[in-house]
Structures are given as C-alpha cells and as structure tokens.
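Before any comments, here is the structure.
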Amino acid sequence: MLKAVLFDMDGVIVDTEPLHFKAYNNMFKDVNIDVSEELYDSFTGQSTLNICRRLVAHFELRHTPEYLVNIKRQHFKYLFDNDADLALMDGVLDLIKDYYNNGLTLVVASSASMPNINRIFERFELNPFFSGKFSGADLKRSKPHPEIFIKAAEHTGFKKSECMVIEDSTNGITAAKAAEIFCVGFKSPHSHGQDYAMADLVISDFKDIQIQNILDLF
39 MLKAVLFDMD GVIVDTEPLH FKAYNNMFKD VNIDVSEELY DSFTGQSTLN
89 ICRRLVAHFE LRHTPEYLVN IKRQHFKYLF DNDADLALMD GVLDLIKDYY
139 NNGLTLVVAS SASMPNINRI FERFELNPFF SGKFSGADLK RSKPHPEIFI
189 KAAEHTGFKK SECMVIEDST NGITAAKAAE IFCVGFKSPH SHGQDYAMAD
239 LVISDFKDIQ IQNILDLF
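Residue numbering for the sequence shown follows this note's numbering, starting at 39 and increasing by one per position.
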C-alpha cells in the first residue's frame, strides 16, 4: 500500500528550470566558457556543486568549483527575486493537496540547495504539506547515486515498497530505481533530452497520478 511520496523539486514541484538556465548561462559568460546543449542537458538532476566540479574538469578551469557555485547562486537569487517566470508546475498543488488530504506522508528530495528549497516552500506556502526536506547538496553523493532517496524513505518510517518517487530527470529516475523505489517519470516541459525508460510509470499530466489512479499500483 502506498504510504509516502518523495517529490523532486525542480521540474516537478516548481518550474525553476528557466531561472536555472538563465543563472547558469550568466555564470558561463562570467567565466568565459561555451557549454553545449548536450552537456547542459546532462546536468539535469545533479547538484550545483557536482555540476561545477564537472565544468572545472571539462574546461580545465583555474577557478574552484565553489567559486562557480557562488557566481551561479548569486545570479539565481537575483532572478528568484526579480524574474516573473517562476511558477509552480501545472496541477502539482492539487496533487500535493490530494495526497496530503488522503493521509500520505510527503517529503521533498531535491538536488537543490536547502536555502533554495526553503525559498520555494516559503514563497508558495508548501511547508504545511511536507514532513521533511532533503537536499542533495548536503549529502556525500549526488543523483544518480541513490543516497538522497534512501535517506528520504527512511525518514518516512515506511518500507521502500510503500514509497513512490516523482522525478523528471534521467539522473533522478536512475537514483530512485537504484534505491529500489517505485518511480513515476514526469515529462516536464523543461526537461529536454531526458531518458524515462527506467521509470515504472511515465506521465505528462499530474491528474494521471491522483490518489484514486495510483493506489492500484501498490
């Protein structure tokens, strides 16, 4: 029986991808690197620090990964406060309320930093619905490693077979399946170039996984 749902945040709960895209590209200009679309797509679902480590290695930069992280986060913070594009994903608030009102335990498990998770949750008043928040930036291993979902499932107090992950990225789906948790792949409008083959169920509309539609799978 389904008892807990582990939500990714970027591309699942909130449409931050346009802001992240702008912030990363501003950072790329600041450090004078040309990042291909293919390389950028491979970053989806990974922490900012892990991405910046890859950039430093790939472009043989003299800057530290932490330096790049700081630049990107400064751009993102400005955009968060000033860009009109930031919004919840269509239908996700109704889904969150549906699960919460039916007694499911909800946890966010995101590669975003905890300050960014908290900004989103405060801005859109999501805190009352969730029992826990996990940031991949605070863990030793980033998605596609399963650590974040293992810890998030343990936090719920339920068996992994009683949990479900909702993810929009190849890295996130890989992490969920490595953690041996049922995974719904959400085809986000902004998650280009992602592979959903490993997902147990693939959707493009959150109505498809409302409580009455998902319980039979457990």
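For each residue, glycine too, the CB sits at the ideal point set by N, CA and C. Small disclaimer: the values here were computed from a predicted structure and weren't measured.
Which residues DSSP lists as bridging residue i, in chain order
i    : result
I241 : F224
L279 : Since the first residue of the chain shown is 39 and the last is 256, residue 279 is not available in this structure.
L126 : V52
Which of helix, strand or coil DSSP assigns to residue i
i    : result
V50  : coil
V69  : coil
T82  : coil
G231 : coil
K181 : coil
K171 : strand
Residue span of the alpha helix (DSSP H) that contains residue i, given as start and end
i    : result
E205 : Taken as a continuous stretch (DSSP letters only), E205 belongs to no alpha helix (DSSP H), being part of the beta strand (DSSP E) at 201-205.
K115 : 103-120
D136 : 130-139
Cβ-based burial, residue i [other Cβ within 10 Å; buried from 16]
i    : result
S151 : buried
L253 : exposed
H96  : exposed
Q84  : buried
G231 : exposed
A125 : exposed
Limits of the beta strand (DSSP E) - the one that residue i falls within
i    : result
T143 : 143-148
G210 : First-last for G210: 208-216, but that is the alpha helix (DSSP H), not the beta strand (DSSP E).
Distance CB(residue i)-CB(residue j) smaller than 8 Å
i    : j    : result
L144 : F114 : no
L44  : F256 : no
I158 : M47  : yes
V107 : T86  : yes
V50  : S226 : yes
Near the ligand FAD: residue i beta-carbon under 7 Å from a heavy atom
i    : result
K115 : For the structure depicted, the ligand FAD is absent and the ligand set is empty, with no information on it obtainable.
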